[in-house]
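Undergrad: Here it is, the structure, as structure tokens.
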Amino acid sequence: MSTRVTKEKSMLIQKEMISSLFKELSTAKQTGKKVVYTFVPGNISELIRAFDMLPVYPEINALQSGMRKKSGKFIHDAEKIGYSEDVCTYVKCDVGMILNGNIGPTGEKIPEPDLLLLSYTGCFTFMKWFENLKRLYPGVPVALLHTPYQEGHKITPDMTQYMVKQLKEEVIPKMEQVSGKKYDEDKLKKILGNTNKVEELMVKIFDTTKNKPSPIDAYFAGVYYIGPINIGFRGTGEAVVYYEKLYEEILERVNKGLGPITPEGVMEEEKFRLVIEGPPNWTHFREFWKLFYDLGAVIVASSYTKVGGVYDNGFRVNPDKPLDSLADYCMNCYTNLNLKQRVELLSNCITKYQADGFLVNSIKSCNSFSAGQLMIMRQLEEKLDIPVGFIESDLVDPRYFSYSNIKNRLESFFQMLEQRKIIFNN
Amino acid sequence: MYICKKSLIIYFLQQNKIYDLEPLKDILSKCEEIAFDLDFTRAKEWKSQDKKRVIVGYMPIYFPREIVHAANGLSVGILGGGDKKMIIKGDAYYQSYICHMPRSIIELALDGNFDEFDGFIFPSICDVIRNLSGTFQILGKGKFAKYLDYPQNFKSHIGGEFYEQELQHILDEIYKINQIKVTPARLNESIRLFNKNRQLTREIYDIRQKFPWRLTAADVYHIVRAGYMIPVEEHNAILENVIHYIKEDINQPLDKIRVVVMGAFCEQPPIGLIKTIELAGCYVVEDDFLLGARWIQKDIEEIKSENKLLSTLSYAFLNNSTFSSTIYDVDNPKEGRLLELINRRNVDGIIFAAPSFCDPALLDHPILQKACEENDIRYVSFLYNENTGQFKVIKEQIGTFSDSIKLWD
Ligand code: SF4
Ligand code: SF4
């Protein structure tokens, strides 16, 4: 492991983007900018931006609270007012954060919402989450966008039309009312033009893991790469600049034959290439990552980086069909795919990126991901004859991160991969 | 006034009238047997009588059974294995922190209990049921495994139209199997039968609301659950028969509080738990155990010539559904509807009983409990699994709850 850790230009751009967004949010009440709370999967921030409003993502607040080691207290506070130990910890963390003044990652208060945009793709808990938020913010209008599930392995025209009608008759009128602005389709088209560019770049970026060594870690670093597009920069010029720079840097690494950057420098020897299913743990993110890079494991693809949109199968927004595109985008997010499609997608990643193993990080409080994961694992094992591993943690509840359990399981998994390599090499 | 047991015959003497309760007892034990028949014997027997008959299994909560009936089918409720099914394989499909329900359903599927079923419906109530639909698809169970997306938009030309399309897909699947086309006349006949079924079920609840001692909550549970397993015509006859008996002044009231049980709409509580609640000093006068049977709260209109085939079913879903943890409620807040229910049923307290790890039920609790606190309604809450076997702690908890209400009042 090289110990030189320098911040890449793209990292600095990202940092600047995030801090300016939170700055803008913190002054929204003074500047009169309207604030819309919404979710990452089915994230139609282009439409929010078309009305010059600012998006806030309760999930992102929760994960950042996890990384800042604040989630334990927030969850505890939510449990004190009646939230069960058994439910999604993102919800509890967010409720706890609100109870504690709703202070964001930059130390500034996140403004209260002017609109709750309940676009709930691939997870029912989102709906329950906003039912709870609605009570915490009485009087704030809710716009609901129901995304049909891809149960039949495809998006049908009826599904798209159902969503477009909701956009036209529910979401847009509420946005007009809250923002005081008229819907401007040309503006939306322009914004979507940027999204389209970003989507192209994202695909190229995550496709670089086909190189050996992989120049990036598509999970631990991947979650940073998807940051801008997931936290409200879809369709912005800044996002295009960021992803262009990021791609350029990654290509440079490919040319130099470099492995991924970790918090402790460049990973020098790539021993194992993995595909991971499931979100990461945020409360011990660094320790968690270290368990992998210390043992030379790099993640070449992950389902989690696709929660905010799946582009592997060719989907891109079409600026000429703005509302249809937003609808199809929502329906295309990872957890809105049925299990067969998920198996197919992961199987393609394993093959395309020549993974040595498949690992599930099962999240205790996330049914959307966890229910069905064991089936996915069996399917991939049977279909591809690939070694599969299984670890458990939670997103933001520190009580469910057991370092030693995860370490033991990972070590056995890596040993298995090692032995398999020896057998194959012989 | 006394109860006299003579060999197997039960007589109940009240105000100089003697009621022979033996036939009621027979009906109740028959219902109990049918309700927990995990081999679905009656449904399979029914199907075997005609090659064009189909069986469609549906998961909780609600499914408009009329459409399957009209297509010469029997829709059968799949409510898990409860405490009657040992889980051996199911645990290999679901992590310990996922509710119990899908593992017992998978166990039943892998053991062949659903082998004669033609299709399966997975109503969109939560992520577990949604992903279970994928598991059935992968395992190749049935000729179709359809996830039924309930619309969360309640306008007829948006959500209503979408819902009709969803139902039409199911009819198309059944048509592929038996080539039976659903006509308005066929569907109207089914609508009439299920309207009657809901009316009779409501009547039982209404009688029990006034005279909860006439049937136990466990009896009601068995009666309603039996309806998930057999043709509606047969169930209607059972309900009529039961009503005939409970309209009479049978059994003795006891000093118990009146409660509503909320949160048990999907994974079913073991029957021992329902009995425990009543043994611990409560009459359960309202519940959401088998909510699907009473989901639609008014009669569904028959289709007239100018209507689209599925329009009245869709109208009923959009406008006459009960409240539930699985339906977006912002325009019709559930706490208001719960308070209204409490008034209507004249209850003394609420028991929040939810399956472990059930996000939909448990994320409603803070909302509903806050409303209880603000309105001085007493409640108690606990978690269960469908195969919970020990009720001692729960009994004590409910006993204390009911005593405190009695003392307080
Ligand atoms: S259940 Fe999972 S996907 Fe849903 S809100 Fe919680 S963490 Fe997100
Ligand atoms: S018990 Fe709750 S979480 Fe489990 S399947 Fe039913 S609704 Fe879903």
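Heads up: the sequence lines are chains R and U, in that order. Taken in order, the first sequence gives residues 0 to 425; the numbers are from numbering that gives the first Met the number 0. Taken in order, the second sequence gives residues 0 to 408; the numbers are from numbering that gives the first Met the number 0. A virtual CB, placed ideally from N, CA and C, is assigned to each residue, including glycine.
Span of the alpha helix (DSSP H) holding R:C329?
TA: 321-330
Undergrad: Can R:F357 be considered in contact with ligand 1, in the sense that its beta carbon sits closer than 7 Å to one or more heavy atoms?
TA: no
Undergrad: Does any C-beta atom of chain R lie closer than 8 Å to the C-beta of U:C125?
TA: yes
Undergrad: Since R:D157 meets chain U, which of its residues come closer than 8 Å, beta carbon to beta carbon?
TA: F161, Q164
Undergrad: Are the stretch 341-352 of chain R and the stretch 179-186 of chain R touching, with three or more C-beta to C-beta distances below 8 Å?
TA: The count of Cβ pairs closer than 8 Å, one atom from the stretch 341-352 of chain R and one from the stretch 179-186 of chain R, stays below three, leaving the stretches out of contact.
Undergrad: In chain U, which residues lie less than 9 Å from R:G95 when you measure between Cβ atoms?
TA: Result: empty, since nearest Cβ-Cβ is about 12 Å, beyond 9 Å.
Undergrad: How about R:N60: is its C-beta nearer than 8 Å to some C-beta of chain U?
TA: no
Undergrad: When you compare the CB positions of U:I120 and U:S323, do they come within less than 8 Å of one another, or not?
TA: No, the pair does not count as a contact, with Cβ atoms beyond the cut-off.
Undergrad: Within a Cβ cutoff of 7 Å, which residues of the same chain sit near R:I190, ignoring the five residues on either side of it in sequence?
TA: E45, R48, A49, G234
Undergrad: What ranges does the beta strand (DSSP E) occupy inside the stretch 123-206 of chain U, keeping only unbroken runs of at least 3 residues that lie completely in it?
TA: 143-147
Undergrad: Taking Cβ-Cβ distances below 7 Å as the criterion, which residues of the stretch 317-347 of chain R are in contact with chain U?
TA: Answer in chain order: N337, L338, K339.
Undergrad: Is the beta carbon of U:E202 sitting closer than 8 Å to the one on U:I242?
TA: yes
Undergrad: On the CB-based measure, 16 or more other CB atoms within 10 Å of its CB, does R:Y402 come out buried or exposed?
TA: exposed
Undergrad: Going along the chain, which residues put their C-beta within less than 5 Å of some heavy atom in ligand 1?
TA: R:C87, R:Y89, R:C122, R:T124, R:C365, R:S367
Undergrad: Could you check whether the Cβ of R:D183 sits closer than 8 Å to any Cβ belonging to chain U?
TA: no
Undergrad: Could you name the residues of the same chain whose beta carbon sits closer than 6 Å to that of U:L7, not counting the 5 residues immediately before and after it, in chain order?
TA: Low per-residue confidence applies at U:L7: pLDDT is 40, beneath 50, and the placement is therefore not dependable enough to give any value.
Undergrad: Give a yes or no on whether the minimum CB-CB distance between R:R272 and chain U is below 8 Å.
TA: no
Undergrad: Check whether the Cβ of R:N424 lies closer than 8 Å to any Cβ atom in chain U.
TA: no
Undergrad: Does the beta carbon of R:V395 fall short of 7 Å from some heavy atom of ligand 2?
TA: no
Undergrad: Should R:F123 be flagged as near chain U, meaning a C-beta pair shorter than 8 Å?
TA: yes
Undergrad: Pull the bridge partners of U:S380 from the DSSP assignment, please.
TA: U:F351
Undergrad: Identify whether U:D19 lies in helix, strand or coil by the three-state DSSP scheme.
TA: strand
Undergrad: I'd like to know whether the C-beta atoms of R:A220 and R:R272 end up nearer to each other than 8 Å.
TA: no
Undergrad: Since I believe U:S103 is in contact with U:G80 (beta carbons under 8 Å), could you give me their beta-carbon distance rounded to a whole number of angstroms?
TA: 3 Å
Undergrad: Judging by CA-CA distance, which residue of R:K91, R:I385, R:F21 is the nearest neighbour of R:P397?
TA: R:K91
Undergrad: So, at 6 Å on beta carbons, what are the nonlocal neighbours of U:A144 in its own chain, with the 5 sequence-adjacent residues on each side left out?
TA: F119, S132, F135, Q136
Undergrad: How long is the line joining the alpha carbons of R:M158 and R:K196, rounded to whole angstroms?
TA: Roughly 26 Å separates the two Cα atoms.
Undergrad: Can you tell me whether DSSP reads U:V284 as helix, strand or coil?
TA: Reduced to three states, the DSSP call for U:V284 is strand.
Undergrad: In whole angstroms, give me the CA-to-CA distance for R:Q414 and R:M16.
TA: Each residue's alpha carbon lies about 41 Å from the other.
Undergrad: Can you name the residues that DSSP bridges to R:P427?
TA: Given a span of 0 to 425 for chain R in the structure shown, any question on residue 427 of chain R remains unanswerable.
Undergrad: Out of curiosity, what's the CA-to-CA distance linking R:D113 and R:A326?
TA: 23 Å
Undergrad: Thinking C-alpha only, which one of R:K305, R:S411, R:V342, R:Q378 is nearest R:T120?
TA: R:K305
Undergrad: Quick check for students: name the residue ranges of the alpha helix (DSSP H) that lie wholly in the stretch 349-409 of chain R, counting only runs of 4 or more.
TA: 366-369, 372-383
Undergrad: Apart from the five residues just before and just after U:K5, which ones in its own chain have a Cβ nearer than 7 Å to its Cβ?
TA: Unreliable positioning characterises U:K5 in this predicted model, as indicated by a pLDDT of 39, which lies under 50. The coordinate reading is nonetheless provided below. Result list for U:K5: empty, nothing under 7 Å.
Undergrad: So, for R:K382: in the same chain, excluding its five sequence neighbours on each side, which residues have a beta-carbon less than 7 Å away from its beta-carbon?
TA: Within the same chain, and ignoring the five residues on either side of R:K382 in sequence, the residues whose Cβ sits closer than 7 Å to its Cβ are S346.
Undergrad: Examine the Cβ distances between the stretch 257-274 of chain U and the stretch 344-358 of chain U and report whether three or more of them are shorter than 8 Å.
TA: yes
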